[in-house]
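Chains as they are written, first to last, in this note's numbering: chain X, 7 to 542; chain Z, 7 to 542.
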């Protein structure tokens with residue numbers, strides 16, 4: 007799908023990212039300056055053309071970001087953009103402290119937000135319609151005279167157009183005539199649908215001749231489609247955020263927008279080879295903002311190419327393209343077969359193949375595995391998210407016995423806060439391995455961490471391979487007792503040996519007991535991966 | 007927005023829900039028959055016209071669902087739909103066991119899935135193109151002759167149309183001429199964009215005259231827009247799933263589709279008064295399938311009308327409609343102001359007002375609260391999701407002292423699994439309240455539950471109001487030590503007194519210490535809500 011060239015796409019189409027400014031408005035996101043610098047590096051690595059970094063002068067964090075960006079950021083593809091408002095009503099652009107802060111930021115590109123909805127000019131800005139036009143002209147001309155590229159964000163443009171088309175167009179013309187490089191039409195409240203966006207963008211383009219951009223919020227669930235509708239109508243600048251982060255529902259998601267432009271439109275908007283980085287970069291940014299990556303995000307979600315239905319699995323055995331809209335490798339993602347009691351035999355066979363077991367010749371074995379999965383999923387286990395536990399289950403059925411490197415006698419965890427305010431956790435395990443009884447205690451950060459430390463202390467002498475084991479994630483889910491049973495707890499543990507990573511699951515009435523089961527599977531998995539033979 | 011009538015929308019437009027069949031393909035969903043019956047009741051309550059319940063005969067669970075639905079479900083608005091495939095190649099519809107199972111289900115409506123992509127007929131179905139047409143005609147005619155309504159799902163229709171338009175149209179014509187009530191065009195692999203959907207649906211309508219439906223998967227992030235594009239082109243039947251559940255990325259989400267049709271198109275597709283139930287029903291279904299409701303879902307997400315930006319908050323003080331695309335009450339949702347260090351003074355004032363504190367006259371106080379929020383958020387606290395902890399923080403600043411009903415001396419939790427396999431948790435707290443020292447122990451399901459039980463045992467005699475307190479949700483987040491600090495744990499606890507519910511937050515190095523802080527705020531909140539005066 008790529009043309010093999012290594013050049014960066016030219017200026018004729020802009021991929022403009024505003025994760026650091028508008029994306030940071032998302033509920034639950036709170037970025038430090040260090041976070042912002044890290045995200046900027048990821049976005050630059052992905053190859054966007056513009057990175058809007060924040061509003062210098064509006065808060066100390068954004069001012070600091072631009073200062074550190076100037077000193078520390080080496081951008082290879084992107085230009086840094088500072089965001090701010092047009093000058094104050096009744097003032098002069100050349101004397102406006104806020105415009106000065108934008109210039110002082112050193113950013114080569116400036117986005118100015120301007121009102122384009124008559125009611126907002128009067129109610130929120132509290133000035134006249136004419137003065138607002140003058141503020142746009144004056145501010146753009148001033149920044150252009152200082153040698154900056156200027157993009158104008160016309161806030162509430164679509165609502166404004168519907169309320170007063172002439173005035174909304176007058177704002178676009180004022181910005182265009184004063185030298186703005188792009189006039190961005192913003193669906194600030196996110197209420198638009200693609201048909202309306204297409205019609206209005208086409209009219210604005212025909213009526214003004216300005217270069218147009220689109221900034222869509224996702225309140226109708228159509229931000230990606232609205233962005234593409236604007237492109238269809240002639241916009242050549244798209245404003246997006248990584249993973250669709252943004253206020254309320256969010257912004258147009260950078261990844262499906264770029265995915266559609268590159269793959270569906272066959273239009274080069276990223277440097278060559280960068281599309282395949284999409285999944286990695288999406289997940290990396292989610293980690294920086296400390297949000298779990300959305301499993302069901304288009305193109306990049308871990309479920310985006312995961313197949314469960316028995317019907318589909320049968321067809322996928324014939325040809326994977328029958329049930330995928332693109333080859334997942336194009337965007338750095340992978341196809342996965344999910345194991346669940348809905349999956350049927352074909353999925354279990356495919357999953358077995360993925361794990362290195364040829365099950366196609368043993369119908370009974372497949373039947374036993376399907377039955378076992380069904381039985382355990384009824385108890386609250388889930389194998390879709392716990393590949394390593396499924397592999398152990400499968401292995402046990404193939405070998406006819408449970409892989410076991412150690413046997414539990416008992417465990418105990420104690421957490422306490424003392425009168426002096428100090429808190430701590432310790433765990434003790436009593437374990438049998440290779441005929442020896444081992445008793446060990448571990449201290450940790452929380453009871454499960456202590457349990458892991460104790461288990462490691464007990465076993466590391468006998469199994470030095472455990473030194474490489476690291477627990478990287480830990481998730482707890484309370485399964486409600488909706489069906490007349492007591493509530494149960496499911497724990498998922500993700501482990502790594504520094505090279506591969508894998509997930510295991512445990513279920514019990516008690517969170518620590520469930521954690522124990524997930525840890526037991528994690529320890530067993532790394533020892534099997536290291537090539538050891540179980541004791542029975 | 008409603009016309010005041012109480013009639014159900016007529017048959018001229020179908021809202022068809024397939025949560026129970028296609029939605030259940032989502033990774034992580036595993037529905038019992040009881041779950042399916044509960045979801046069907048919610049969907050019927052919402053007022054969809056059709057509920058596709060599953061594939062009777064394909065698995066025992068779906069067969070049982072239709073049997074129990076016939077006996078137990080009293081649907082007021084919806085008709086139940088059974089799903090299955092056209093008859094086997096080379097067979098006869100009247101003798102097909104699978105079509106018999108569909109009829110035996112007793113469902114008044116049957117959806118038959120048919121291949122409409124030539125390559126799928128040959129590779130996956132392994133029959134001739136002509137025989138596939140005959141399978142469609144024969145199966146539809148047979149079910150119609152038995153008095154059922156028949157909808158045909160043309161699988162992979164859009165890809166098939168692009169590969170072989172004539173054949174795809176031939177399938178539509180065969181179904182239409184055999185008497186199918188609706189021919190549903192399926193974007194099975196979800197690769198379409200709205201422009202292409204509009205063009206193809208318009209051509210099929212003009213070329214065949216069949217009544218058309220749309221079934222869109224969300225792999226491009228455009229399923230809602232694709233569904234609306236099909237409606238724009240003349241489709242009068244939309245297939246959706248609650249919360250967009252479905253295989254891979256998911257299906258067209260019922261709620262934004264219905265929201266757009268009712269509010270943006272001003273088209274009545276639900277019984278009068280039901281639109282305002284949307285948020286409640288979306289969350290109820292998420293609970294049944296045991297997935298956390300998506301906070302950022304359009305219309306119904308808890309963040310869908312949440313405002314954080316200082317700029318927006320200032321304008322919202324003037325008029326909320328300036329920053330919302332619809333009145334959230336239309337869909338049963340509410341506007342929320344979020345408190346964070348980005349929020350600025352206007353948000354804190356609005357939030358204070360929401361909580362009953364008039365802060366507009368005390369600029370110093372607002373400044374102190376903003377500073378305190380900033381300081382604690384830097385330590386890992388988050389007040390956006392913990393209203394009650396924010397209220398305590400605000401109250402403390404207003405009163406100049408910390409609200410305190412009890413003081414901790416120490417706590418300890420012990421969890422253990424004994425050699426006989428039994429597991430258990432207990433906690434001991436030593437607490438001072440009203441001059442008395444209390445020592446109490448509680449047993450629980452997990453260490454935090456035990457700590458809650460112990461605290462309750464210690465305090466209930468002195469504060470009988472605590473009897474009403476119930477902890478309803480508990481969330482743990484590990485805050486990674488990315489910035490050179492040790493990792494910290496944040497716990498959010500949701501509590502209720504049976505009437506209202508509220509959230510509190512605790513942060514510490516240790517999960518149990520963090521839980522303690524969140525519990526302490528939860529206990530303090532209920533006592534303040536009960537009208538008690540703190541001791542200092």
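Glycine is no exception: its CB is placed at the ideal position from the N, C-alpha and C atoms.
**Neighbouring residues, chain X, relative to residue 196 of chain Z (Cβ below 7 angstroms)** = If you number the second chain from 1, residue 196 of chain Z lands on position 190. Those are 331, listed as they occur along chain X.
Exercise. Name the DSSP beta bridge partners of residue 402 of chain Z, please?
Worked result: Stepping through the second chain from its first residue, residue 402 of chain Z is reached at position 396. Per DSSP, none; premise fails for residue 402 of chain Z.
Worksheet entry | Runs of beta strand (DSSP E) wholly within the region 433-484 of chain Z (minimum 3 residues, chain order) | The region 433-484 of chain Z contains these whole beta strand (DSSP E) runs: 442-450.
At what residues does the alpha helix (DSSP H) containing residue 522 of chain Z begin and finish?
-> Residue 522 of chain Z sits at position 516 when you count from the first residue of the second chain. Secondary structure note for residue 522 of chain Z: its alpha helix (DSSP H) is the uninterrupted segment 517-535.
* Asked: Residue ranges of each alpha helix (DSSP H) run of no fewer than 4 residues wholly in the region 51-122 of chain Z, ordered along the chain?
  -> Whole alpha helix (DSSP H) segments, 4+ residues: 66-78 and 103-110.
Whose Cβ in chain Z lies nearer than 7 angstroms to the Cβ of residue 42 of chain X? As a first step, residue 42 of chain X is located in the first chain; it is residue number 36 there, counting from the start. In chain order: nothing, as chain Z lies at least about 12 angstroms away.
In the DSSP assignment, find the unbroken alpha helix (DSSP H) run with residue 202 of chain X in it and report its ends.
Within the first chain, residue 202 of chain X is the residue found at index 196, counting from 1. Secondary structure note for residue 202 of chain X: its alpha helix (DSSP H) is the uninterrupted segment 200-214.
(Q) Short of 6 angstroms in beta carbon distance, which residues of its chain neighbour residue 19 of chain Z, apart from the five on each side in sequence? Order them along the chain. (A) Taking the first residue of the second chain as 1, we reach residue 19 of chain Z at position 13. Closer than 6 angstroms at Cβ, skipping near neighbours: 242 and 275.
Next item on the list: Output, in chain order, the set of chain Z residues within a Cβ distance shorter than 7 angstroms of residue 72 of chain X.
Entry: As a working mapping, residue 72 of chain X is identified with position 66 in the first chain. Chain Z residues near residue 72 of chain X: none, gap ~17 angstroms exceeds 7 angstroms.
Residue 175 of chain X versus residue 143 of chain X: straight-line alpha-carbon distance, rounded:
Along the first chain, read from residue 1 onward, the residue named residue 175 of chain X stands at position 169. Along the first chain, read from residue 1 onward, the residue named residue 143 of chain X stands at position 137. Pairing residue 175 of chain X with residue 143 of chain X, the inter-Cα distance amounts to about 14 angstroms.
Residue 292 of chain Z and residue 257 of chain Z: beta carbons closer than 8 angstroms?
As a position in the second chain, residue 292 of chain Z is number 286, starting the count at 1. As a position in the second chain, residue 257 of chain Z is number 251, starting the count at 1. No, they are not a contact pair.
Exercise. Could you check what DSSP says for residue 500 of chain Z in three-state terms: helix, strand or coil?
Key: In the second chain, the residue the question calls residue 500 of chain Z occupies position 494. Secondary structure at residue 500 of chain Z: strand, using DSSP grouped into helix, strand and coil.
Query raised in the report: Counting only beta-carbon atoms, is residue 530 of chain X nearer than 8 angstroms to chain Z?
Result: Counting from one through the first chain, the residue named residue 530 of chain X turns up at place 524. Chain Z, which has no Cβ nearer than 8 angstroms to the Cβ of residue 530 of chain X, makes this no.
Next on the checklist: Can you list, in chain order, the residues of its chain with a C-beta nearer than 6 angstroms to that of residue 295 of chain X? Leave out the 5 residues immediately preceding and following it.
Outcome noted: The residue you call residue 295 of chain X lines up with position 289 of the first chain. Excluding sequence neighbours, residue 295 of chain X sits near 35.
In chain order, what residues of the same chain have a beta carbon less than 7 angstroms from the beta carbon of residue 133 of chain Z, not counting five sequence neighbours either side?
-> Counting from 1 along the second chain, the entry for residue 133 of chain Z is found at position 127. Closer than 7 angstroms at Cβ, skipping near neighbours: 95 and 127.
key: Same chain, Cβ closer than 8 angstroms to residue 207 of chain Z, neighbours up to 5 away in sequence not counted   = Taking the first residue of the second chain as position 1, residue 207 of chain Z is located at position 201. If we look at residue 207 of chain Z and ignore the five residues flanking it on each side, its Cβ neighbours are 191, 218, 220, 235, 236, 239, 240 and 241.
Check whether the Cβ atoms of residue 123 of chain X and residue 165 of chain X sit closer than 8 angstroms, and answer yes or no.
Numbered from 1 along the first chain, position 117 holds the residue referred to as residue 123 of chain X. Numbered from 1 along the first chain, position 159 holds the residue referred to as residue 165 of chain X. For residue 123 of chain X and residue 165 of chain X, yes; Cβs fall inside 8 angstroms.
Report task. Alpha carbon to alpha carbon, how far is residue 205 of chain Z from residue 330 of chain X? Give it in angstroms, no decimals. Result -> Translated into the one-based positions of the first chain, residue 330 of chain X becomes position 324. Translated into the one-based positions of the second chain, residue 205 of chain Z becomes position 199. One C-alpha to the other measures close to 22 angstroms.
Element boundaries [beta strand (DSSP E), containing residue 414 of chain X]
Here residue 414 of chain X refers to the residue found at position 408 of the first chain. Per DSSP, residue 414 of chain X belongs to the beta strand (DSSP E) from 413-423.
Comparing the C-beta of residue 351 of chain Z with each C-beta of chain X, is any distance below 8 angstroms? The residue labelled residue 351 of chain Z in the question sits at position 345 within the second chain. Taking Cβ atoms only, chain X never reaches closer than 8 angstroms to residue 351 of chain Z, which makes this a no.
For residue 451 of chain Z, which residues in chain X fall below 7 angstroms Cβ to Cβ? On the second chain, position 445 is the one that residue 451 of chain Z refers to. Using a Cβ-Cβ cut-off of 7 angstroms, residue 451 of chain Z is close to 515 and 516 of chain X, given in chain order.
**Request:** Output the distance between the C-alpha atoms of residue 492 of chain X and residue 343 of chain Z, rounded to the nearest integer angstrom.
**Result:** One-based indexing of the first chain puts residue 492 of chain X at position 486. One-based indexing of the second chain puts residue 343 of chain Z at position 337. For residue 492 of chain X, the predicted structure reports a pLDDT of 48, less than 50, and the residue's modelled location is therefore unreliable. The matter cannot be settled from this model.
Limits of the alpha helix (DSSP H) - the one that residue 288 of chain X falls within
Against the first chain, residue 288 of chain X aligns to sequence position 282. Per DSSP, residue 288 of chain X is one residue of the alpha helix (DSSP H) stretching across 284-295.
query: Mind checking residue 334 of chain X: buried by the 16 CB within 10 Å criterion, or exposed?
result: The sequence position of residue 334 of chain X within the first chain is 328, counting from 1. Looking at its Cβ environment, which holds 16 or more other Cβ atoms inside 10 Å, residue 334 of chain X is buried.
Under 7 angstroms between beta-carbons, which chain Z residues line up against residue 256 of chain X? List them in chain order, please. Along the first chain, read from residue 1 onward, the residue named residue 256 of chain X stands at position 250. Against chain Z, the beta carbon of residue 256 of chain X has neighbours under 7 angstroms at 302, listed in chain order.
Tell me which same chain residues have a C-beta within less than 6 angstroms of the C-beta of residue 89 of chain X, skipping the five on either side of it? Counting from one through the first chain, the residue named residue 89 of chain X turns up at place 83. Cβ neighbours of residue 89 of chain X beyond the five flanking positions: 27, 58, 61 and 117.
Looking only at its chain, what residues have a beta carbon closer than 7 angstroms to the beta carbon of residue 112 of chain Z, apart from the 5 residues adjacent to it on each side? Within the second chain, residue 112 of chain Z is the residue found at index 106, counting from 1. Contacts found: 72 and 76.
Given a threshold of 16 other Cβ atoms within 10 Å of its Cβ, counted over all protein chains shown, does residue 152 of chain X qualify as buried or as exposed? Locating residue 152 of chain X in the first chain gives position 146, where the first residue counts as 1. Label assigned to residue 152 of chain X: exposed.
Practice problem: Give the residues from the region 196-215 of chain X that approach chain Z closer than 7 angstroms (Cβ to any Cβ), ordered along the chain. | Solution: Among the residues of the region 196-215 of chain X, those with a Cβ less than 7 angstroms away from any Cβ of chain Z are 196, 197, 199, 200 and 201, in the order of the chain.
Here's the rule: buried if 16 or more other CB atoms are within 10 angstroms of the residue's CB, otherwise exposed. What is residue 424 of chain X? Your numbering for residue 424 of chain X matches position 418 in the first chain. Residue 424 of chain X is exposed by the Cβ-count criterion.
task = Starting from residue 170 of chain Z, find everything on chain X with Cβ-Cβ shorter than 7 angstroms and list it in chain order.
result = On the second chain, position 164 is the one that residue 170 of chain Z refers to. Within chain X, no residue comes near residue 170 of chain Z; the closest Cβ sits about 15 angstroms away, beyond 7 angstroms.
Quick check: the Cα distance between residue 510 of chain Z and residue 156 of chain Z, rounded to an integer number of angstroms?
For the purposes of this step, residue 510 of chain Z is identified with residue 504 of the second chain, where counting begins at 1. For the purposes of this step, residue 156 of chain Z is identified with residue 150 of the second chain, where counting begins at 1. In a straight line, the C-alpha of residue 510 of chain Z is about 52 angstroms away from that of residue 156 of chain Z.
**Prompt:** residue 461 of chain X and residue 529 of chain X: beta carbons closer than 8 angstroms?
**Reply:** In the first chain, counting from the first residue as 1, residue 461 of chain X sits at position 455. In the first chain, counting from the first residue as 1, residue 529 of chain X sits at position 523. Annotated as proximal: residue 461 of chain X and residue 529 of chain X, with beta-carbon spacing under 8 angstroms.
Extract the residue ranges of the alpha helix (DSSP H) inside the region 160-190 of chain Z, only unbroken runs of 4 or more that lie entirely within it. Within the region 160-190 of chain Z, the alpha helix (DSSP H) runs of at least 4 residues that lie entirely inside it are, in chain order, 163-169 and 171-183.
Item to complete: Compute the distance between the beta-carbons of residue 216 of chain X and residue 232 of chain X, then report whether it is under 8 angstroms.
Response: Mapped onto the first chain, residue 216 of chain X falls at position 210. Mapped onto the first chain, residue 232 of chain X falls at position 226. The answer is no: Cβ separation not under 8 angstroms.
- Task: Have a look at residue 489 of chain X and residue 40 of chain Z and give me their C-alpha separation to the nearest angstrom.
- Result: Here residue 489 of chain X refers to the residue found at position 483 of the first chain. Here residue 40 of chain Z refers to the residue found at position 34 of the second chain. Caution is warranted here: a pLDDT of 34 is assigned to residue 489 of chain X, below 50, making its placement in the model unreliable, and no coordinate value can be reported.
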